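Counting from 1, position 139 in the sequence shown corresponds to residue 143 in our numbering; the numbering is continuous, with no gaps.
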Amino acid sequence: MTEIDIQVFRVSSLEELEETVDKVNIFKYDDVQNEFNVLTIGKEKKIGITYYNYGIDPEIVCDKDNKVIYVGFGKNLMVINTSDGKVLSDDNLQSIFYEFLTDSKGERIYIICELDVYCYNLNAVLWNIGFKDIINDYSIVDDKRIYISCDDGTDIYLSLDNGSVLE
Numbered sequence: 005m006t007e008i009d010i011q012v013f014r015v016s017s018l019e020e021l022e023e024t025v026d027k028v029n030i031f032k033y034d035d036v037q038n039e040f041n042v043l044t045i046g047k048e049k050k051i052g053i054t055y056y057n058y059g060i061d062p063e064i065v066c067d068k069d070n071k072v073i074y075v076g077f078g079k080n081l082m083v084i085n086t087s088d089g090k091v092l093s094d095d096n097l098q099s100i101f102y103e104f105l106t107d108s109k110g111e112r113i114y115i116i117c118e119l120d121v122y123c124y125n126l127n128a129v130l131w132n133i134g135f136k137d138i139i140n141d142y143s144i145v146d147d148k149r150i151y152i153s154c155d156d157g158t159d160i161y162l163s164l165d166n167g168s169v170l171e
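Have a look at this one:
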């Protein structure tokens, strides 16, 4: 497996972002933007991302073969091909992105959001489930299920395979 050099750094304005990254590689999210980031993949590829930051830093994770990287930020998820820097998927999430989780095999990426959980493989959504209240605790258990706890007292386990509720 080849190591990939991925860096994210902030710039202070849209103007500075446009000076750093080609305009065709800048992705603008949200009506109001307060965060301007440059994502570099290797030495050549640069992607600009501007969005509204809800107080959670962007997170990046690679798939197990380093073919794609997942970038979670604000209410957005990007899936990027590591070999050519092309954006394979550019998804709006239903709620604020929290964190990525993976099982020990690393075959799937689980995306934890404020009110939702998504399961991705490469650039495809395999399943997702929404909750009525804010998710406040979560973890993968036994590489078979994901534990979710919500502010309203809901505690459930979901199957990692298909997102179904387990008893």
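All residues carry an ideal CB built from backbone N, CA and C; glycine is no exception.
Note that the structure is predicted; figures quoted are calculated from it, not measured.
query: Taking Glu-19 as the reference, which of Asp-107, Asp-9, Lys-32 has the closest Cα?
result: As a position in the sequence shown, residue 19 is number 15, starting the count at 1. Glu-19 has its Cα closest to that of Lys-32, out of Asp-107, Asp-9, Lys-32.
query: CB Glu-103 to CB Ile-116, shorter than 7 Å?
result: The count along the sequence shown starts at 1 and reaches residue 103 at position 99. The count along the sequence shown starts at 1 and reaches residue 116 at position 112. Contact check for Glu-103 against Ile-116 passes: the beta carbons are separated by less than 7 Å.
Distance, Ile-150 Cα to Tyr-122 Cα: On the sequence shown, position 118 is the one that residue 122 refers to. On the sequence shown, position 146 is the one that residue 150 refers to. Straight-line measurement puts the Cα of Ile-150 at about 11 Å from the Cα of Tyr-122.
task: Can you have a look at Asp-141 and say buried or exposed, based on whether 16 or more other CB atoms are within 10 angstroms of its CB?
output: Stepping through the sequence shown from its first residue, residue 141 is reached at position 137. Label assigned to Asp-141: exposed.
query: Is Asp-120 near Ser-99, with beta carbons less than 7 Å apart?
result: As a working note, residue 120 is residue 116 in the sequence shown. As a working note, residue 99 is residue 95 in the sequence shown. A distance below 7 Å separates the beta carbons of Asp-120 and Ser-99.
field: Proximity to Tyr-56 [Cα-Cα], best of Ile-10, Glu-23, Lys-79, Leu-43
entry: Locating residue 56 in the sequence shown gives position 52, where the first residue counts as 1. Taking Tyr-56 as reference, the option from Ile-10, Glu-23, Lys-79, Leu-43 with the minimal CA-CA separation is Lys-79.
query: How is Val-25 classed by DSSP in three states: helix, strand or coil?
result: Along the sequence shown, read from residue 1 onward, the residue named residue 25 stands at position 21. Val-25 falls in the coil class under three-state DSSP.
message: Whole angstroms are fine: how far does the CA of Phe-135 sit from the CA of Asp-155?
response: Here residue 155 corresponds to residue number 151 of the sequence shown, with the count starting at 1. Here residue 135 corresponds to residue number 131 of the sequence shown, with the count starting at 1. When rounded, the distance between both Cα atoms is 10 Å.
Cα-Cα separation, Lys-90 to Ile-73: Translated into positions along the sequence shown, residue 90 becomes position 86. Translated into positions along the sequence shown, residue 73 becomes position 69. Inter-residue distance for Lys-90 and Ile-73 is about 11 Å (C-alpha atoms, whole angstroms).
message: Determine whether the beta carbon atoms of Val-42 and Thr-24 lie at a separation below 7 Å.
response: What you label residue 42 is simply residue 38 of the sequence shown in a count that begins at 1. What you label residue 24 is simply residue 20 of the sequence shown in a count that begins at 1. A distance below 7 Å separates the beta carbons of Val-42 and Thr-24.
field: Start-end ranges of the beta strand (DSSP E) lying completely within the segment 30-61, minimum 3 residues
entry: At a cut-off of 3 residues, the continuous stretches assigned as beta strand (DSSP E) that sit fully inside the segment 30-61 are 30-32, 39-45, 49-55.
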